[in-house]
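What follows is a set of notes on a single structure, which appears directly below.
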Amino acid sequence: MREQLIFEHSRAGRSAEAQYPLAAVADGVPEHLRRRSAPLLPEVSELQAVRHFTRLSQLNFSIDTHFYPLGSCTMKYNPRACNQYAMLPGFLGRHPLAPESTGQGILQCLHELQEMLKEVTGMRGVSLTPMAGAQGEFAGVAMIRAYHRARGDLARTVIIVPDAAHGTNPATATMCGCTVKEIPSLANGDIDLDALRSAVGPQTAGIMLTNPSTLGVFERRIGEVAEIVHDAGGLLYYDGANLNAILGKVRPGDMGFDVIHMNLHKTFSTPHGGGGPGSGAVGVSERLLPFMPMPIVGYDGQAYRWLDENDLPQTIGRLSAFMGNTGVLLRAYVYMRMLGREGMHRVSEFATLNANYLMTKLVEAGFELAYPGRRAGHEFIVTLRREARDYGTTAMDFAKRLLDYGFHAPTTYFPLLVPECLLIEPTETESKEELDAFVAAMVAIREEAQTDPAKLKGAPYTLPVRRLDDVRAAKQLDIAWKAA
Amino acid sequence: MPFIPHTADDIRDMLTAIGARDTEALFDEIPAGLRARALDAIPPALSEMEVGRLMSARAGADGQPLNFIGAGAYEHHVPAAVWAIVTRGEFYSAYTPYQAEASQGTLQLLYEFQSMMASLTGMAASNASLYDGATALGEACLMAVRAHRKSKSQRILVPAAVNPAYRDVLQAVAGGQNLAFELLPYDPRGGTTTTASLEKYRGEDITALVVQQPNFFGSLEDVDALTDWAHEAGMLVIAVVNPVSLAVLKPPGEWGTTGADIVCGEGQPLGVPLSSGGPYFGFMTTRMEHVRQMPGRIVGRTVDLDGKPGFTLTLQAREQHIRRSKATSNICTNQGLLVTAATIYMSLVGPRGLAQVASTCVQRSAVLVAALARVPGVRVAFDGPRFHEAVLLLDRPVRGVLEALAARGIVGGCDISRDYPSLGNALLVCATETRTLQDIETYARALTDVMQSAAAA
């Protein structure tokens, strides 16, 4: 199953000669600025390259090949039409700095996307520029800081996050020059309002929340949370990681949030690409409109154009050299047009139906929930602490064995506060048969854990490699190939 | 229901299993007052055929003009094989390789990418990508502050000849952590940064000097002199480079006596289409001694339980999902799919092909500059060696000239007059290997017409 490194296929003098100019050229680069030895790039034929990378692709699990219930990541089907229509020559060949007169078609798509995202979130303004969820978070917290600064409220530098928050939340606060205060969750998964009341004060810049939370449950007292934070002079940030659970049902703007980011690569089905590109568009309430990141598409009834610093002098600035991950935005646009008005709420309905069904079936099969008695949002948490205690098998062992059964593992060991947890998010695009097969696999693996726990410890067996030595990877660091 | 597989029977059976009356009942924990009204501003659904017609009409309206802009995004030939493989579902629809055993394809590819970028830049360690070139420079500055423990100032020198969009992004992404960026002037004759402009900082605590090669004007900086000067003065050197240029230009690892410390840049020229501005990817490489200060994913080679080689994410203790507020960066998802394109691109062209591309770019842009400089009312702003861009000075405002050219199907360059007011009417033009001599001739003739017509004046 192993595929050699591309460098091992390399032979001096070979290359894909159809792909570059062959004529000898004198470029006139002065000797002292010139490269002296060739870089270590492979020398392979076009077929060798195609075969190598095709074979590598076959070593991956993906949505197109496997059920991929990775919690908090919304691994739903990525319709092929979105890719095809985002890669039309007129969009693909366009230079980002070409005159706006030559880009009215794409600007219209982006403007309509802004408007549709405003509608589904209940926010007053949208900027599409952040290139990932974490950059959307950065934009959001930077806007919160800019808002307080513009009011001369310079002491507000503390960002409150629940202990269950995604790691990007506290990391983002730090990048924006804020400090972080964590507050605990209650046993039922809700925020501890007393802890929140004592955490807020004249230094509170804002709070970062996900709803449904990373624990998979809807924060029922969101109205009170908003009131406490607003009364203390802070703003509310909505981490849109879990927007798939409430699309068309509840709008963050109506919950009292001042700023949100949306992961278009989750809710709006743009591809995850093996780790990006994502897109973290931000939406804002009235009071943050002047601070939005640039550029934004404006429309005066005649023509579309990029708004810039002259239009929004208080902007937090630019977060990319051009205008963010434009091609990802086009994919999200096509997806939203195909869902239409009537399709938005179906996303959350069926994502929630699938999650609650899968949760019910796993409970019937004897698995333990971290937050029993609650409705699942679009995801839920199983804790395998009983299995760990009784059989000595960890959540990681179950995860690795699931791979042998043909399922990508759920998210493991997040949120950090639940022991031996699996965060399971089936999404709306999976069929009942697939969910039933997943339950059957979990049951079979637990039987193996009872009778032969070593079998789990050694998993996986059927993949290109068995369990990898992560400690060695970090200690004997080998991160670049060198010619022998 | 588009993309939803449930039959009426499925829905009934699933609700029965859950013990819910209908799907609405699944939302009963949400307070009634928060429920959304109908989303009237969203248009009704379109079929794939209908949305295809809509998008084709809009893409068609934007046409396919002849492009002579660079300014940080470059039109190169992208082999057909690149995107045919990139859009395979196994790459396209996978996620971050959290389960290494089920992601060996992506992981091995990233290891190969890191190897190629390390060699191309002459450094020991590469990460698996950042968002784009501009944010990569922002992350590089933040990294320099962490890596240069003796420097306390957080002051970074940034030449005015660095891409102005990058300088804007620097302020936005690193300004919040109180980094101070000080602008270095360029030499008005050569369009480059001179060590003379650095002398006033001698003896001061400066964390790092940024050097862009080629710089925003397309001019080649004296990278050896700048690197040695900065190192003697106790600063780190952050190189911002075009990866295609490195096939012919000296890699940052060999700049001056000891080489640059952190290298970053825009990866788009390596197999990524212009795509109206993105998605692209940023890259970053560094010395091995600084690897633990580097942000972003890093893939390492290791062995499995049977001792067979395999690949996994490593040094994760730097990252937000472990270190939270103490992480090197908040970056999580990066630009994996674009790195896939770049790795396939570099494998197809190889060292010889990349050098041919780079040299042809230099040659074609020289032809372009010579042809345009012959047009009355046009002259070249700077002398000295260049890569594939140049600044031209016009005898009238650039904007009107560009609009007139656009009407003739030519995107004639980037108006940089607003970013560099002291240059006057300044136009940044570029030619890569994709512009033929015929294309250049077409542009020169169109520009002659435009400059002669009173309408543009």
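So the sequence lines, in the order shown, correspond to chains A and B.
Numbering follows my numbering, with no gaps: position 1 of the first sequence is 226.
Numbering follows my numbering, with no gaps: position 147 of the second sequence is 541.
The beta-carbon is built from N, C-alpha and C at its ideal position, and this holds for glycine as well.
Could you pull the DSSP bridge partners for residue i from this structure?
{"i": "A:T429", "result": "A:V383"}
{"i": "B:A633", "result": "B:V605, B:V657"}
{"i": "B:L649", "result": "Residue identity check: residue 649 of chain B is Trp in the sequence provided, not Leu. B:W649 is not bridged to any residue."}
{"i": "A:W531", "result": "A:V522"}
{"i": "B:R780", "result": "B:S613"}
{"i": "A:R543", "result": "A:M519"}
{"i": "A:Y462", "result": "A:M433, A:V484"}
{"i": "B:L786", "result": "B:V774, B:L821"}
{"i": "A:S410", "result": "A:I416"}
{"i": "B:D698", "result": "A:L693"}
Should residue i go down as buried or exposed, given a rule of 16 or more other Cβ atoms within 10 Å for buried?
{"i": "B:A850", "result": "At B:A850, the pLDDT of 45 sits below 50, so the modelled position is not reliable; the number obtained from the coordinates is stated separately. Answer is buried; the Cβ neighbour count reaches 16."}
{"i": "A:D677", "result": "exposed"}
{"i": "A:K625", "result": "buried"}
{"i": "A:G350", "result": "buried"}
{"i": "B:I716", "result": "exposed"}
{"i": "B:E598", "result": "exposed"}
{"i": "A:K301", "result": "buried"}
{"i": "B:Q846", "result": "exposed"}
{"i": "A:V696", "result": "exposed"}
{"i": "B:T589", "result": "exposed"}
{"i": "A:P538", "result": "exposed"}
Given this structure, state the Cα-to-Cα distance separating residue i from residue j, to the nearest angstrom.
{"i": "A:V366", "j": "A:S545", "result": "17 Å"}
{"i": "A:D456", "j": "A:S510", "result": "17 Å"}
{"i": "A:V450", "j": "A:N436", "result": "12 Å"}
{"i": "A:P689", "j": "A:A709", "result": "25 Å"}
{"i": "B:E425", "j": "A:V588", "result": "The amino acid at residue 425 of chain B is misidentified as Glu; the sequence shows Pro. Straight-line Cα distance between these residues: approximately 26 Å."}
{"i": "A:Q360", "j": "B:G672", "result": "15 Å"}
{"i": "A:G478", "j": "B:L428", "result": "10 Å"}
{"i": "A:Q721", "j": "A:N535", "result": "Because residue 721 of chain A is not part of the residues shown, which for chain A are 226 to 709, the question remains open."}
{"i": "B:L409", "j": "A:M400", "result": "45 Å"}
{"i": "B:E626", "j": "B:A801", "result": "52 Å"}
{"i": "A:G315", "j": "B:S811", "result": "28 Å"}
{"i": "A:H373", "j": "B:G569", "result": "16 Å"}
{"i": "B:R406", "j": "A:M487", "result": "32 Å"}
{"i": "A:L641", "j": "B:S441", "result": "42 Å"}
{"i": "A:L440", "j": "A:L411", "result": "11 Å"}
{"i": "B:D434", "j": "A:L554", "result": "21 Å"}
Given a cut-off of 9 Å on the beta-carbon distance, is the pair residue i and residue j in contact?
{"i": "A:M433", "j": "A:N394", "result": "yes"}
{"i": "B:L643", "j": "B:F781", "result": "yes"}
{"i": "A:V668", "j": "A:A590", "result": "yes"}
{"i": "B:Y489", "j": "A:N303", "result": "no"}
{"i": "B:A390", "j": "B:L603", "result": "The first residue shown for chain B is 395 and the last is 851, placing residue 390 of chain B beyond what the model contains."}
{"i": "A:G459", "j": "A:T429", "result": "yes"}
{"i": "A:S494", "j": "A:A398", "result": "no"}
{"i": "A:L461", "j": "A:D483", "result": "yes"}
{"i": "B:D779", "j": "A:L258", "result": "Here residue 779 of chain B turns out to be Pro, not Asp, going by the sequence shown. Yes. Within cutoff."}
{"i": "A:S270", "j": "A:R239", "result": "yes"}
{"i": "A:N308", "j": "A:G499", "result": "no"}
{"i": "A:L648", "j": "A:I704", "result": "no"}
{"i": "B:L448", "j": "B:Y837", "result": "no"}
{"i": "B:T621", "j": "B:G650", "result": "yes"}
query: In the stretch 534 to 558 of chain A, which residues sit with their C-beta less than 7 Å from some C-beta in chain B, listed in chain order?
result: I541, G542, R543, L544, S545, A546, F547, M548, G549, N550, T551, G552, V553
- prompt: What residues in the stretch 696 to 709 of chain A bring their beta carbon closer than 9 Å to a beta carbon of chain B?
  reply: Cβ contacts with chain B: V696, R697, A698, A699, Q701, L702, D703, I704, A705, W706, K707.
- request: For the stretch 449 to 461 of chain B, enumerate the residues whose C-beta is nearer than 9 Å to any C-beta of chain A, in chain order.
  value: M449, S450, A451, R452, A453, G454, A455, D456, G457, Q458, P459, N461
query: Between the stretch 345 to 378 of chain A and chain B, which residues of the former have CB atoms less than 8 Å from a CB of the latter, in chain order?
result: V345, G347, M356, A357, G358, A359, Q360, E362, F363, A367, R370
field: Chain-ordered residues of the stretch 454 to 483 of chain A with a beta carbon less than 8 Å from chain B
entry: I471, G473, K474, V475, R476, D479, M480
- prompt: Quick one, which residues of the stretch 567 to 578 of chain B are near chain A if we go by CB-CB under 7 Å, in chain order?
  reply: V567, G570, Q571, N572
query: Taking a cut of 7 Å between CB atoms, which residues from the stretch 316 to 345 of chain A lie near chain B?
result: F316, L317, G318, R319, H320, P321, L322, A323, P324, S326, T327, G328, Q329, G330, I331, Q333, C334, E340, M341, E344, V345
message: By the 9 Å beta-carbon criterion, what residues does the stretch 723 to 740 of chain B contribute toward chain A?
response: S723, N724, I725, C726, T727, N728, Q729, G730, L731, L732, V733, T734, T737, I738, Y739, M740
query: Using Cβ-Cβ distances below 7 Å, what residues of the stretch 390 to 401 of chain A are close to chain B?
result: G392, T393, P395, A396, T397, A398, T399, M400, C401
field: Short-range partners of chain B found in the stretch 238 to 252 of chain A, where Cβ spacing is below 9 Å
entry: Using a CB distance below 9 Å, the part of the stretch 238 to 252 of chain A facing chain B consists of G238, R239, S240, A241, E242, A243, Q244, Y245, P246, L247, A248, A249, V250, A251, D252, ordered along the chain.
- prompt: Residues in the stretch 647 to 658 of chain B with C-beta within 9 Å of chain A's C-beta atoms, listed in sequence order?
  reply: E648
query: Taking a cut of 7 Å between CB atoms, which residues from the stretch 801 to 812 of chain B lie near chain A?
result: V805, C808
Chain D contacts from the stretch 503 to 527 of chain A (Cβ-Cβ distance under 9 Å): Considering every chain present, this structure includes no chain D. Its protein chains are A and B.
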